[in-house]
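In my numbering, the protein residues as written are 4 to 361.
Ideal Cβ placement from N, Cα and C applies to all residues, glycine included.
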Amino acid sequence: MRLVDLYGHEDLKLRLSSAASSGTLPGSLLFHGPRGVGKQRLALWLGQLLVCENTPAPCGHCRSCQYAVNLTHPDLHWYFPRPRPKDADPDLEDVRDDYRDAIAERLANGGLYPSPPGNEGIFVATVRAIVREASVTPAMARRKIFVIGDAERMVSQEGADQAANAFLKMLEEPSDKTTIILTSSEPGALLPTVRSRAVAVRVPGISESAVRQFLSDPVVSTALDKTGPQKKTLNELLQLAGSAPGTLFGGEARGKAMASARRLIDAAIAPHSSSRHAAAMGVGASGARGSFTDILDSLIIILGERMRAALHDGNNERAVAASRAADLVGLAKVRAGGNVNPQLITAGLLHDLSSALR
Ligand SMILES: [Zn+2]
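See the structure below:
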């Protein structure tokens, strides 16, 4: 299995490659945008571009490109949330082994994976591994590239850890031998010390034709058979994917989140406030923060679909309403990042959505 190709993002690819070739690419980047649009894949593509031995890069043929798409390039590193290590202070080797296994698992599925469960994070042991790795000279390429996915899961470091400070310094003043690419679907939840040090690049959803190309890639079909939603027609997959086909690999939990989100929309536009109350109570109270975030993400996807449908029908008023509603959900996501009860957030959100959508 190889890493699935990157689909869509043509404008960004052009911008990033011209910045790289003119030497103006910032050393610390933050790719932010909706979940499932391919931010980590785009970051790995940029990594490949930076290690490629030919022009125009990435050529796709050289030794470095081959290593990059097999995720075996010694200078291209990929980190993302993992379960908290059992040992509070694990060996660096243990951390490396854990990522080697996790990356092999992602690669076995074409680099397509569900969003990490709520209890996974980027813990201090990982930050230590990154800092240590960055202190070693590149093995093949001119620089080392660190892709750090779902970076908002970087756990606020307990105490004044040296590694945390060293990492912030790396972000602030990257050497000409390192490029750090953070990705996040929830940039508002990033540690402010991290967010302020990286140059933000918005990664939008991809077009329907790019999603169609993605869906016809054999790597994707194989991965869908293994881990995608069960027995769906192409049209159903297109519907489910919206402009973020990575969300198809969210598995069972994501399907449930999508169903809950649709129920919430129905409740918001229902004529009686009693159904809104019932729907709010139906959202798990606590201990399910991960799945609550999934529900809010699903709401944004559904509202995006509503907006596109409205624009397609030439109904601007309805499109504006859907877009305003998506903003409200975004605000609710910020609140959900704090310690507010999901039912309380949902009750407020449904109240606001019902006026926005009617
Ligand atoms: Zn190449």
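- Close to ligand 1, as judged by a C-beta nearer than 7 Å to any of its heavy atoms, are the residues Cys-55, Glu-56, Asn-57, Ala-60, Pro-61, Cys-62, Gly-63, His-64, Cys-65, Ser-67, Cys-68, in chain order.
- With contacts defined by Cβ atoms closer than 8 Å, Ile-209 and Val-40 form a contacting pair.
- Between the alpha carbons of Val-197 and Gln-69 lies a distance of about 32 Å.
- The alpha helix (DSSP H) runs lying completely inside the stretch 65 to 141 and spanning 4 residues or more are 66 to 72, 95 to 111, 127 to 137, given in chain order.
- Cβ contact annotation for Leu-171 (same chain, cutoff 8 Å, sequence separation greater than five): Thr-196, Val-197, Arg-200, in chain order.
- Per the coordinates, the alpha-carbon of Asp-316 lies some 14 Å from the alpha-carbon of Ala-324.
- Annotation: the continuous alpha helix (DSSP H) that includes Phe-217 extends over 211 to 218.
- DSSP, read as helix, strand or coil, puts Ala-203 in strand.
- For the pair Val-286 and Glu-96, the Cα-to-Cα distance works out to about 41 Å.
- In the same chain as Thr-58, and ignoring 5 residues on each side of it, the C-beta atoms closer than 8 Å to its own belong to Ser-24, in chain order.
- Three or more pairs of CB atoms, one per stretch, sit closer than 8 Å, so the stretch 210 to 230 contacts the stretch 104 to 115.
- Cα atoms of Ala-91 and Ala-167: separation of roughly 16 Å, rounded to the nearest angstrom.
- Apart from sequence neighbours up to five positions away, the residues of its chain that approach Asp-300 with a beta-carbon distance below 6 Å are Arg-38, ordered along the chain.
- Taken through DSSP and simplified to helix, strand or coil, Ser-31 comes out as strand.
- By the beta-carbon neighbour count (other beta carbons within 10 angstroms, threshold 16), Met-157 is buried.
- Residue range 42 to 54 is occupied by the alpha helix (DSSP H) that includes Leu-53.
- The alpha helix (DSSP H) runs lying completely inside the stretch 247 to 319 and spanning 4 residues or more are 254 to 272, 276 to 285, 292 to 315, given in chain order.
- Rounded to whole angstroms, Ala-281 and Leu-352 show a C-alpha spacing of 13 Å.
- Comparing C-alpha distances from Ile-304 to each of Ala-244, His-12, Ala-350, His-354 shows the shortest one belongs to Ala-244.
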